[in-house]
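**Q** Protein chains in written order, with our numbering: chain G, 1 to 122; chain X, 1 to 122.
Heads up, the beta-carbon is just placed ideally off N, CA and C, and yes, glycines get one too.
On a predicted model such as this, the values are computed, not experimentally measured, just so you know.
Structure in structure tokens, see below.
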């Protein structure tokens, strides 16, 4: 399954799909989206990645943006997929919505300004 | 981690903790609780079992009690546990509430009546 991030800073919201990369990869994607002022970010996962989606939301909430995000609503569902053999299979999915409750910080560390030109001896 | 089922038919609600047993084991526990009229059943899991908790709720909703249960609210959290080495670790958790929307069926297959006494030739 490919990891996809749809929506950018100019859209009203963004979705981060959880795949096989490490938790922190997705944590940084979510934090970047929330800091871009894009609106609510929805973390989505299917099957084995569901636990990781919960980890991502919890790490964002408790470690990176403590007291600055609301988590929820959380919804669960079943998706019907066709696997490689052409057979249909039911797979559980989860959607976790994260919304910033504080203003977006001014651009500092997350989007550094271009480096200053090197100082030249006059 | 032990699998526990707290609360019985006489309590206002019940909690089913998801552990290492097969999904269907927990599905039957949840269905039995919902059919006992015990009120909302909360499915809880931590860490690796989170995906299984979602599977349990979805199987109950779509296969066993289709159109008869409301799923939600779903809440996620972080629990601080002490592992075997005495170190603290953060573990994600999930709670999924399931509520029956239709009346509890009369007792039939799930709680069979005691067998009739053997017929005696008179």
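Could you spell out the range, first to last residue, of the beta strand (DSSP E) harbouring residue 60 (chain G)?
**A** As a first step, residue 60 (chain G) is located in the first chain; it is residue number 60 there, counting from the start. Note, residue 60 (chain G): premise wrong, no beta strand (DSSP E); not H, not E.
**Q** Just the C-alpha distance for residue 75 (chain G) and residue 96 (chain G), rounded to the nearest angstrom, thanks.
**A** Here residue 75 (chain G) corresponds to residue number 75 of the first chain, with the count starting at 1. Here residue 96 (chain G) corresponds to residue number 96 of the first chain, with the count starting at 1. C-alpha separation (whole angstroms): 7 Å.
**Q** Any idea if residue 105 (chain G) is buried or exposed, counting beta-carbon neighbours within 10 angstroms, 16 or more meaning buried?
**A** Along the first chain, one-based indexing puts residue 105 (chain G) at 105. Classification of residue 105 (chain G): exposed, given that the 10 Å Cβ count is below 16.
**Q** At the level of alpha carbons, what is the spacing between residue 16 (chain X) and residue 29 (chain X)?
**A** For this step, residue 16 (chain X) is matched to residue 16 along the second chain. For this step, residue 29 (chain X) is matched to residue 29 along the second chain. For residue 16 (chain X) and residue 29 (chain X), the distance between alpha carbons rounds to 7 Å.
**Q** For a contact meaning CB atoms closer than 8 Å, what does residue 41 (chain G) contact in chain X?
**A** Against the first chain, residue 41 (chain G) aligns to sequence position 41. The premise fails here: residue 41 (chain G) is roughly 15 Å from chain X at the closest Cβ pair, so nothing lies under 8 Å.
**Q** Using a Cβ cut-off of 7 Å (strictly closer), state whether residue 54 (chain G) contacts chain X.
**A** Here residue 54 (chain G) corresponds to residue number 54 of the first chain, with the count starting at 1. At least one chain X Cβ lies under 7 Å of residue 54 (chain G).
**Q** Closer than 7 Å by beta-carbon distance: list the chain G residues that pair up with residue 71 (chain X), in chain order.
**A** The residue given as residue 71 (chain X) occupies position 71 in the second chain. Here the neighbours are 76.
**Q** Start and end of the alpha helix (DSSP H) containing residue 34 (chain G)?
**A** Within the first chain, the letter at position 34 stands for residue 34 (chain G). Element bounds for residue 34 (chain G): 23-35.
**Q** Nearest CA to the CA of residue 70 (chain G): which residue from G:22, G:98, G:23?
**A** Looking up residue 70 (chain G) in the first chain gives position 70. Residue G:98 is the option with its Cα nearest to residue 70 (chain G).
**Q** Skipping 5 residues on each side, what residues in its chain have a beta carbon closer than 7 Å to that of residue 72 (chain G)?
**A** Numbered from 1 along the first chain, position 72 holds the residue referred to as residue 72 (chain G). Excluding sequence neighbours, residue 72 (chain G) sits near 97.
**Q** What is the DSSP secondary structure of residue 90 (chain X), counted as helix, strand or coil?
**A** For the purposes of this step, residue 90 (chain X) is taken as residue 90 along the second chain, with counting starting at 1. Correct three-state label for residue 90 (chain X): strand.
**Q** Which of the three DSSP states is assigned to residue 103 (chain X) in this structure?
**A** Position 103 of the second chain holds residue 103 (chain X). Here residue 103 (chain X) sits in coil by DSSP.
**Q** Give a yes or no on whether the minimum CB-CB distance between residue 92 (chain X) and chain G is below 7 Å.
**A** For this step, residue 92 (chain X) is matched to residue 92 along the second chain. Output row for residue 92 (chain X): interface = yes.
**Q** Note down the Cα distance separating residue 35 (chain G) from residue 88 (chain G), rounded to an integer number of angstroms.
**A** Residue 35 (chain G) sits at position 35 when you count from the first residue of the first chain. Residue 88 (chain G) sits at position 88 when you count from the first residue of the first chain. Each residue's alpha carbon lies about 39 Å from the other.
**Q** Quick check on residue 82 (chain X): buried or exposed, where buried means 16 or more other Cβ atoms within 10 Å of its Cβ?
**A** Within the second chain, residue 82 (chain X) is the residue found at index 82, counting from 1. Classification of residue 82 (chain X): exposed, given that the 10 Å Cβ count is below 16.
**Q** Would you mind telling me which residues of chain X sit closer than 8 Å to residue 89 (chain G), beta carbon to beta carbon, in chain order?
**A** On the first chain, residue 89 (chain G) is found 89 positions in, with the first residue counted as 1. From the beta-carbon of residue 89 (chain G), no residue of chain X is found nearer than 8 Å; the closest lies around 12 Å away.
**Q** In three-state terms, what does DSSP make of residue 39 (chain X)?
**A** Taking the first residue of the second chain as position 1, residue 39 (chain X) is located at position 39. It is coil, neither helix nor strand.
**Q** From the DSSP output, read off the bridge partner residues of residue 66 (chain X).
**A** For this step, residue 66 (chain X) is matched to residue 66 along the second chain. In the DSSP secondary-structure assignment, residue 66 (chain X) is not bridged to any residue.
**Q** Please report the straight-line C-alpha distance between residue 62 (chain X) and residue 24 (chain X), rounded to a whole angstrom.
**A** Here the question's residue 62 (chain X) lines up with position 62 in the second chain. Here the question's residue 24 (chain X) lines up with position 24 in the second chain. If I take the Cα positions, the gap works out to 13 Å.
**Q** For residue 48 (chain G), name the three-state secondary structure that DSSP assigns.
**A** For this step, residue 48 (chain G) is matched to residue 48 along the first chain. The answer is helix: DSSP assigns residue 48 (chain G) an H, G or I state.
**Q** Looking at the C-beta of residue 18 (chain G), does it have a partner C-beta in chain X at a distance below 7 Å?
**A** The sequence position of residue 18 (chain G) within the first chain is 18, counting from 1. It does not; no Cβ of chain X falls within 7 Å.
**Q** What are the partner residues of residue 96 (chain X), as DSSP defines its beta bridges?
**A** In the second chain, counting from the first residue as 1, residue 96 (chain X) sits at position 96. In DSSP, residue 96 (chain X) forms a bridge with X:43, X:74.
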